[in-house]
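Please read the structure below before turning to the comments.
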Amino acid sequence: MTAADFILVALALPLLGGLGIVLAGKQPNLREGVTLTTAALLFYCVLQLLDPVLAGQHPAVTLLEPLPGLPVAFSVEPLGMIFALIASGLWIVNSVYSIGYMRGNGEANQTRFYLCFALAISAALAIAFAANLLTLFLFYEVLTLITYPLVTHAGSDKAKNGGRVYLAILMGTSVLFLLPAVIFTWHAAGTTEFRAGGILPADLAPATVCLLLALFMFGIGKAALMPFHRWLPAAMVAPTPVSALLHAVAVVKAGVFSVLKVIIYVFGLEALAGATGWLVAIAGFTIVAASIVALSADNLKRRLAYSTVSQLSYVVLAAALLAPLSVIGAALHIAAHAFGKITLFFAAGSIYTAAHKTEVSQLDGIGRRMPWTMVAFGVGALSMIGLPPAAGFVSKWYLVSGAFAAQHWLALAVVLASTLLNAGYFLPIVYRAFFRPLSADAEAHPHGEAPWPIVVALSLTAAGTVALFFFPDVPLALARQLVVAP
């Protein structure tokens, strides 16, 4: 098979897996076996594209061309390779976790859950491999629509309200801002194809460039820049495996991936010189403001949700600095955040499944009952803070180095302040879990760890978070290609 064949197979596999999930819906073991097999095959296909991309090739294939000069096409470049590896690799682990969580909590509509999850992964892969703005926009919208049933999975009024906020903000920003930006780019550049160095004409007025950049940045609502961030905490009504999908595997990653791809391949780093000061300020405000909200949140998933809002803007901030080192840091943080945050959400779901606790104030002494879960939580927390030996240290190192190179002292101040705030809302959870005595309620209702698939999954992602610190070679090699002149 050629590299182009592997692209098409990778896009089709989750769709075929979804069909298998539906056909096996009345046989849970077979249904979940189909899910795991499909996820493993997908990861294998994506891995087949890694060596060509590392060697500097960009395998490509055109699916169809509905309008002249506007094809639905796919091409695998380094940034898309990082996203595809994350989405396909973590789907395997999330599927293992989902088996323990969905069964352990007796969740309804499990076949629909696994089907929508598979379709969401297919959409995420299509975004990762998008060769142009049209293809990215189409599958960006598909991803929003496919994940809506997952957000509203519980079917309660609270879930439906959360789903409405989710859909309204993401669809609203893309239709009002992102679509006009894509259309303007097509008329100004004569193409929507992603190209190294950008595609916009050099004679665009600075004000036009700033306006177009604003349309893109706020139109990509999945990146959760304030004030278009409320969909993310609203979506926390979903089951924890869905929260993991939203925060680590697909949805928010599609957002910051799109931000970075637009800055590198539509505008070009050199063409944006002097035009991103406002974006640095907005991203910096989002980082600090979301961290302050997280600091005061007692609900564990809400705290993690606002942590995600903050962490996503690290990627936006790093990209907006336009320094080669910070762009590398932005790409690395997509991977580091994926492993660290999925570990944290897995731990939150483990606590809920085993102990039925949802608030930080309820976690006194829980580390002695659930040591695997809370050690994994501690690893994820270290990564979010940016401390070794966790992957977040590597990405933050490049971000800080880029800010020094650009002599952007505001960005450095934001990173310092947010690091202290991150420590302020994560470390007390770890302290409560291991160094406070068990609450009276916990003493009266003894419990152990969550079902073994949950513990296995969170242990794997915690190990991956540490492994990315010691062995960052592959994502680092891919990230460095983003700032090498073609």
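With our numbering applied, the sequence shown corresponds to residues 673 to 1158, in that order. All C-beta atoms, glycine included, are put in the ideal place defined by N, C-alpha and C.
Same chain only: Cβ atoms within 6 Å of residue i, ignoring 5 sequence neighbours per side
| i | result |
| --- | --- |
| K832 | T824 |
| G1021 | Y773 and T912 |
| I1038 | A1105 |
| G770 | Before going on, a small fix: residue 770 reads as Ser here, not Gly. Here the set comprises P913. |
| G776 | T1025 and P1123 |
| A943 | G870 |
| S760 | L714, F715 and V718 |
| G690 | L787, A790 and L791 |
| G1096 | L967 |
| N701 | none |
Test item: CB-CB of residue i and residue j under 8 Å
| i | j | result |
| --- | --- | --- |
| F746 | T807 | yes |
| K925 | F866 | no |
| A1008 | S1067 | yes |
| M753 | L722 | yes |
| E1121 | T1030 | no |
| L685 | T710 | yes |
| K830 | V923 | no |
| G949 | G870 | no |
| R902 | V847 | no |
| L904 | V960 | no |
| K717 | V681 | Sequence check: residue 717 is Cys here, not Lys. Yes, the Cβ-Cβ distance between C717 and V681 is below 8 Å. |
| V999 | L884 | no |
| S985 | A955 | yes |
| L1004 | V725 | no |
| V881 | V928 | no |
| H1119 | R1040 | no |
| F1018 | A1139 | no |
| F957 | M898 | yes |
| T1091 | I1126 | no |
| I1101 | L1059 | no |
| V1087 | V1072 | yes |
| Q720 | F678 | yes |
| L976 | L918 | no |
Status (buried if at least 16 other CB within 10 Å, exposed otherwise) for residue i
| i | result |
| --- | --- |
| V938 | buried |
| W1124 | exposed |
| Q729 | exposed |
| E749 | buried |
| F1143 | exposed |
| F1098 | buried |
| H1028 | exposed |
| G862 | exposed |
| F801 | buried |
| F1107 | exposed |
| G1012 | buried |
| Y1103 | exposed |
| A877 | exposed |
| V1156 | exposed |
| L739 | exposed |
| P1109 | exposed |
| Q699 | exposed |
| A874 | exposed |
Sequence-distant residues of its chain with Cβ nearer than 7 Å to residue i (five each side left out)
| i | result |
| --- | --- |
| T783 | I693, V694, G697 and R703 |
| S1033 | D970 |
| W858 | T864 |
| R1152 | I1000 |
| R974 | P905 and M908 |
| E813 | S846 |
| G835 | Y820, V823 and T824 |
Cβ distance (whole Å) where residue i is taken to contact residue j below 8 Å
| i | j | result |
| --- | --- | --- |
| A916 | I1023 | The Cβ separation is near 14 Å, so there is no contact. |
| L751 | V744 | With a Cβ gap of about 19 Å, L751 and V744 do not count as contacting. |
| F888 | A853 | 5 Å |
| A860 | L872 | 6 Å |
| L797 | L683 | 6 Å |
| I964 | L1093 | 7 Å |
Contacting residues, own chain, Cβ-Cβ under 8 Å from residue i (five flanking each side not counted)
| i | result |
| --- | --- |
| L687 | A790, L791 and S794 |
| P821 | R784 and C788 |
| F900 | I841, T845, F890 and G893 |
| V952 | L989, A992, L993, H1080, L1082 and A1083 |
| A1010 | I758, L762, A920, V921 and K925 |
| A676 | P731, A732 and V733 |
| G741 | G862 and T863 |
| A879 | none |
| A945 | L994 |
**Item:** Meets three-Cβ-pair contact criterion under 8 Å: the stretch 1135-1148 and the stretch 1048-1058
**Value:** yes
**Request:** Could you say if the stretch 993-1011 and the stretch 884-902 meet the contact criterion of at least three C-beta pairs nearer than 8 Å?
**Result:** no
**Prompt:** Is the number of C-beta pairs between the stretch 1073-1085 and the stretch 982-993 that are closer than 8 Å three or more?
**Reply:** yes
**Message:** I want to know whether the stretch 1056-1064 touches the stretch 935-949 - three or more CB-CB distances under 8 Å.
**Reply:** no
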